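If you read the sequence shown in numbering that gives the first Met the number 0, its first letter stands for residue 0, the second for the next number, and so on.
C-beta atoms are modelled at their ideal positions from N, C-alpha and C, and glycine is treated no differently.
Here the structure is a predicted model, which means the values were calculated and not measured.
Written below as structure tokens is the structure these notes are about.
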Amino acid sequence: MGYGALGTGALRYGLFHGQRLSLSRVDGFRPSLLRIVAKLSMMSNPDGTLSGHRMQPKQGSDWVPFGGRFGSKVDSDQGKIEGRRFGLEILDMRITRARALGTCFGVRDAIDAALSPEISIDLTIVGQLVHNPQTVQRLHDAGVKMVSSSDDEITTRNVMITAHGAPASLKKQLSDQGHIVYDATCPLVLRVHQAVRRLVKEGWHPVVIGQREHVEVKGIVGDLVDFTVIGDLDDLHLLEGRERIGVVCQTTYRIRQAKEILLQIGQRFPDIAIEFIDTVCKPTKDRQNAVDELSEQVDVMIVVGGTNSSNTHKLLNVCREKEVPAYHVENDEQLEPGWFVGVEHVGITAGTSTPHDVIDQIHARLVQISRQQ
Ligand code: SF4
């Protein structure tokens, strides 16, 4: 909610006295213009409350102008703001969600499949479906079993491969053991498997830029005889003696970092032939670009996601590179009011495995903290 349509400038401070909005600070707009707009958009109701219609803010921005210490009501679904004539106040912490954040379609589809009643009743997921504690709990509650690898004992008839994918040999092994294999591999991860197959067929030495121990990377290289995983610039020596390399990325890698690695490979091994296929997925790029933009506008960023979520850590790294204070939390209870003292604008971002209801809870808690400041 908020008066975002007032433009990119934000109404940050102010007090509401009766029906007159007095502005103590306005960014980019003449106070007189704002007063007119505010008056036009507010209506006095017969019961003594005031109501106004939200104008859609940019980038999901959520100003917190009308606080509820004395009974005002905010209905953000309807875009309506209501509050009592007296005691209404304008709070001073603006909250903006990154324009892309939270669960991607690949993770969402995998969760939906795992929770579908036909299979969840007798299902084991091989590996962590999502790196998010709340979702893992939901799966537990639905009776879904989880094992970290196929070496663990599996007692159910149904097994599921996660959105991160797995080598074809593992799927065959599970099938040979008599399980019904549900493959929830994200299509964008399958695209990486296909790209690697093509590169190998064409005679390139396959190179994956990513985390060696990540389940997605293990799935990509699991059936290969000869391959190289480059985690960072310290691993470049592993390419010594190679003549033709075909390079792909883990889908959640930072594309900027991957390009830097490619540049360094080219400089260190000028004679090496490189075929690069950009396999960082679009949802990851969207989230990284969005946090990149937003972190330039805010005083503090809240990064929501599992502590073991690789892509959430990358979002955190973007914030740190931008030198904006950033806090990584898994849930709203971890938000500490002390982080927001004197903060005018807080941003929220979340990794691709963070459910949107967790983001909503974080957002609601920030509104509450703003009111308590
Ligand atoms: S992060 Fe990308 S590749 Fe991974 S599940 Fe989501 S959309 Fe698919």
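In the structure shown, Leu334 adopts coil according to DSSP, grouped into three states. Between Ile94 and Val366, the C-beta spacing is below 9 Å. Take the alpha-carbon of Ala349 and the one of Leu100: they are about 5 Å apart. Setting aside the 5 residues that flank it on each side, Thr306 is surrounded in the same chain by His327, Glu329, each with a C-beta closer than 8 Å to its C-beta; the list follows chain order. For Ile229, the uninterrupted beta strand (DSSP E) segment begins and ends at 227 to 229. Per DSSP, Arg96 is one residue of the beta strand (DSSP E) stretching across 93 to 96.
Pro205 is bridged by DSSP to Gly245.
Judged by DSSP in its simplified three-state form, Lys144 adopts strand.
In the DSSP assignment, Asp182 is bridged to Ile160. In the structure shown, Thr278 adopts coil according to DSSP, grouped into three states.
Put simply, of Val303, Thr311, Leu128 the residue whose alpha carbon is nearest the alpha carbon of Asp331 is Val303.
Relative to the non-hydrogen atoms of the ligand SF4, the Cβ of Val188 comes within a distance shorter than 8 Å of at least one.
With a cut-off of 8 Å, the C-beta of Gly245 is classified as distant from the ligand SF4, since no heavy atom of the ligand falls inside that distance.
Counting the other Cβ atoms within 10 Å of the Cβ of Val224 gives fewer than 16, which makes it exposed. Sequence-distant Cβ neighbours of Val216 in its own chain, meaning closer than 7 Å and more than five residues away, are Val207, Gly209, Gln210, Val228, Gln249. DSSP links His344 through a beta bridge to Arg93. In the structure shown, His213 adopts coil according to DSSP, grouped into three states.
The ligand SF4 never approaches Pro354 closely enough for any of its heavy atoms to be under 8 Å from the residue's Cβ. Leu261 and Arg253 have their C-alpha atoms spaced approximately 13 Å apart. Proximity of the region 231 to 251 to the region 172 to 184 falls short of the contact definition, fewer than three beta-carbon pairs being nearer than 8 Å. Rounded to whole angstroms, Gly202 and Arg243 show a C-alpha spacing of 8 Å. As computed with DSSP, Val125 is found in a beta bridge with Val146, Ile160. Between His139 and Val214, the gap from beta carbon to beta carbon reaches 9 Å or more.
By the neighbour-count criterion, in which a residue is buried when 16 or more other Cβ atoms sit within 10 angstroms of its Cβ, His355 is exposed.
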